[in-house]
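What follows is one structure encoded as structure tokens, with my remarks underneath.
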Amino acid sequence: MKEFKMLSEYKRQIINFFYLSCIQTVNLISPLVILPFLIIKFGIEGYGSIAFAQAISFYVSTLINFGFNVSGTKKISEFRDEKKIKDKIISSIYITKLIIYLFLLAVVYGFFLFSGKWLSNDSFCYLVLLYTISTLYDVFFPVWYFLGIEKMKIITITNTISKLLFCISIFIFIGNQTNILLVPILFIICNLLAIIFPLFILFKAESYKPTLPNKMFLISTIKEAYIFFIADFMAILKDRTNILIIGSCLSMSSVAYFDVIQKIIGFIRSIFINFNNAFFPLIVRTRRPKDVKIGIWGSLGFSILTYLIMVTFSDILISFLSKGRIENDTIVFSIAALFIITASISSTIGLFILIPNGYQNKFLYNLFLATLVYLLLIMILFLTNNINLISLLIAYNMSVFIELCHRCYLCYKFKLTQYLLK
Numbered sequence: 035m036k037e038f039k040m041l042s043e044y045k046r047q048i049i050n051f052f053y054l055s056c057i058q059t060v061n062l063i064s065p066l067v068i069l070p071f072l073i074i075k076f077g078i079e080g081y082g083s084i085a086f087a088q089a090i091s092f093y094v095s096t097l098i099n100f101g102f103n104v105s106g107t108k109k110i111s112e113f114r115d116e117k118k119i120k121d122k123i124i125s126s127i128y129i130t131k132l133i134i135y136l137f138l139l140a141v142v143y144g145f146f147l148f149s150g151k152w153l154s155n156d157s158f159c160y161l162v163l164l165y166t167i168s169t170l171y172d173v174f175f176p177v178w179y180f181l182g183i184e185k186m187k188i189i190t191i192t193n194t195i196s197k198l199l200f201c202i203s204i205f206i207f208i209g210n211q212t213n214i215l216l217v218p219i220l221f222i223i224c225n226l227l228a229i230i231f232p233l234f235i236l237f238k239a240e241s242y243k244p245t246l247p248n249k250m251f252l253i254s255t256i257k258e259a260y261i262f263f264i265a266d267f268m269a270i271l272k273d274r275t276n277i278l279i280i281g282s283c284l285s286m287s288s289v290a291y292f293d294v295i296q297k298i299i300g301f302i303r304s305i306f307i308n309f310n311n312a313f314f315p316l317i318v319r320t321r322r323p324k325d326v327k328i329g330i331w332g333s334l335g336f337s338i339l340t341y342l343i344m345v346t347f348s349d350i351l352i353s354f355l356s357k358g359r360i361e362n363d364t365i366v367f368s369i370a371a372l373f374i375i376t377a378s379i380s381s382t383i384g385l386f387i388l389i390p391n392g393y394q395n396k397f398l399y400n401l402f403l404a405t406l407v408y409l410l411l412i413m414i415l416f417l418t419n420n421i422n423l424i425s426l427l428i429a430y431n432m433s434v435f436i437e438l439c440h441r442c443y444l445c446y447k448f449k450l451t452q453y454l455l456k
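Residue numbering for the sequence shown is 35 to 456, as defined by the working numbering.
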């Protein structure tokens, strides 16, 4: 009976968690489905070039989102019943995102144009430019709005359909190595299709009316988002910088292997991210310790279980996804997968305890500390000429572990341990 009561109490959050899981599952499975096909068609080096270009686009995407996926969700959740304020929030977010997108697109295009690489017909340059164009999806896809009003069904359906179309189109139109630029082009087309219906619902069913917010409101919206932007940027800096270093110092084959590992880990991590996103609006409104404890201790237990399962079957996973063309290193995989445990607990503490209780500045300081540790470790690896997959992964996981320890210390310092312990 107690279990049924709990399910009833968190019904909306569980439904949103289900929809978010569907979105992330499709987002992460679709690359895994086409991964073996792309490796066969383009080779490990060719696929490594795609992964390298995607890593650059992740930086662009993070800059465009500017933390609005969290701050936008928070503000929409707080003002869900005040339409005029909601319209101003939506308009502020869209204006900011569009300006950032146009600026970054001009920067990327200008870089290739003035460096001369644009005229050399280098396919890698075109890959980067096309993946940058594809981030228009991040400008207009209103996931933060539907998260805030806790209605995820619409974007789940449209996102799923677009990703299915992308996978099908890859198998239909990609024939050989000369078609490598078709991958981002098809990605752009399918992303644009995913935007249309949610925007239609936003304008019609939700009666959104674009408005030009005053300067103070726009600045206020940006200020509230910048902490979450820095959080996202710090995460992407550590996450994607490894790929850039591997591609620059090692080989595209190593990039391909690392990218496959990241996709597997990302698939598992998405479960925890979806859980946090689904419960975040509730935590912001109530700040009940029992809700937070369920999230933190549940995440710890499940992350340990998934880690053990992943490491046990890592050889099978890598072989299956690469069609036997990439050989797994169990030690490398085991070290990389530790991220699931430390990052899941750390992010839950930050999102469920520090931010709802008004410690955004401490949260930001914590991220700076972790990133500084990571960059110092990377610098040491460069100075000692010790760049390899294992050393990079150890540096990355050490920074995340320090981030977790410092967040636990902050909970102790500011007397927030009731959210962690009975």
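Even glycine gets a Cβ: it sits at the ideal position worked out from N, Cα and C.
By Cβ distance below 6 Å, which residues in the same chain neighbour residue i in space, the five residues on each side in sequence not counted?
i, result
"Asn-103", "Trp-178"
"Leu-153", "Note that Leu-153 scores 48 on pLDDT, short of 50, meaning its location in the model is unreliable; the coordinates nonetheless yield the value given after this. Correct list: empty, nothing qualifies."
"Leu-199", "Cys-224"
Drop a sphere of 10 angstroms on the beta-carbon of residue i, count the other beta-carbons inside from all chains shown, and report buried for 16 or more, exposed for fewer.
i, result
"Val-294", "buried"
"Phe-100", "buried"
"Lys-272", "buried"
"Phe-158", "exposed"
"Gln-452", "exposed"
"Ile-57", "buried"
"Pro-244", "exposed"
"Arg-274", "buried"
"Asn-248", "exposed"
"Ile-465", "There is no way to answer for residue 465, as the model of the chain reaches only from 35 to 456."
"Thr-346", "exposed"
"Lys-108", "buried"
"Ile-360", "buried"
"Lys-257", "exposed"
"Thr-382", "buried"
"Lys-120", "buried"
Straight-line CA distance for residue i to residue j?
i, j, result
"Asp-349", "Ile-270", "27 Å"
"Lys-122", "Val-141", "29 Å"
"Lys-324", "Asp-172", "34 Å"
"Leu-132", "Asp-363", "42 Å"
"Ile-421", "Cys-283", "7 Å"
"Arg-319", "Phe-313", "10 Å"
"Leu-355", "Asn-50", "30 Å"
"Cys-201", "Thr-166", "20 Å"
"Leu-498", "Asp-115", "Only positions 35 to 456 of the chain appear in the structure, and residue 498 is not among them; the question remains open."
"Phe-262", "Leu-316", "18 Å"
"Leu-410", "Leu-246", "44 Å"
"Tyr-399", "Ile-63", "34 Å"
"Ile-305", "Asn-311", "10 Å"
"Ile-379", "Phe-386", "10 Å"
"Met-344", "Ser-125", "43 Å"
"Tyr-393", "Phe-448", "9 Å"
"Phe-76", "Gln-211", "5 Å"
"Tyr-443", "Ile-235", "44 Å"
"Thr-376", "Tyr-446", "18 Å"
"Val-67", "Ser-287", "19 Å"
"Phe-180", "Phe-207", "33 Å"
"Tyr-81", "Asn-391", "44 Å"
"Phe-137", "Ile-338", "42 Å"
"Gly-358", "Tyr-93", "31 Å"
"Ser-91", "Lys-117", "34 Å"
"Leu-388", "Asn-213", "48 Å"
"Ser-203", "Thr-418", "46 Å"
Beta-carbon within less than 8 Å of residue i's beta-carbon, same chain only, minus the 5 sequence neighbours each way: which residues are those?
i, result
"Ile-424", "Ile-365, Val-366, Ile-369"
"Ile-277", "Ala-85, Phe-86, Ala-89, Val-289, Phe-292, Asp-293, Gln-296"
"Ile-436", "Leu-403, Ala-404, Val-407"
"Ile-279", "Ile-412, Ile-421, Leu-426"
"Leu-215", "Ser-157, Tyr-160, Leu-161, Leu-164"
"His-464", "Residue 464 lies beyond the range of the chain shown here (35 to 456); nothing can be said about it."
Spatial neighbours of residue i within its chain, please: CB distance less than 7 Å, with the 5 preceding and 5 following residues excluded, ordered by chain position.
i, result
"Thr-192", "Ala-228, Phe-231, Pro-232"
"Leu-54", "Met-186, Asn-308, Asn-311, Ala-312"
"Ile-183", "Ile-110, Arg-114"
"Ile-134", "Leu-97, Ile-98, Phe-100"
"Phe-267", "Thr-96"
"Ser-196", "Cys-224, Asn-225, Leu-227, Ala-228"
"Phe-174", "Ile-229, Leu-233"
"Tyr-143", "Leu-163"
"Phe-205", "Phe-71"
"Asn-431", "Ile-369, Leu-372, Phe-373, Thr-376"
"Leu-429", "Per the sequence presented here, residue 429 reads as Ala, with Leu not at that position. If we look at Ala-429 and ignore the five residues flanking it on each side, its Cβ neighbours are Tyr-408, Leu-411, Ile-412, Leu-415."
Taking 6 Å as the cut-off, is the CB of residue i close to at least one heavy atom of the ligand SAM?
i, result
"Lys-75", "Questions concerning the ligand SAM fall outside what the structure shown contains, since it holds no ligand whatsoever."
Which runs of the alpha helix (DSSP H) fall wholly inside the stretch 390–450 and span at least 4 residues, in chain order? 394–417, 423–447
Which residue spans inside the stretch 233–293 form an unbroken alpha helix (DSSP H) run of at least 4? 249–283
With a floor of 4 residues, list each alpha helix (DSSP H) that falls wholly inside the stretch 180–221, ordered by position along the chain. 187–207
Of all the alpha helix (DSSP H) runs that stay within the bounds of the stretch 324–393, which reach a length of 4 or more residues? 348–355, 364–383
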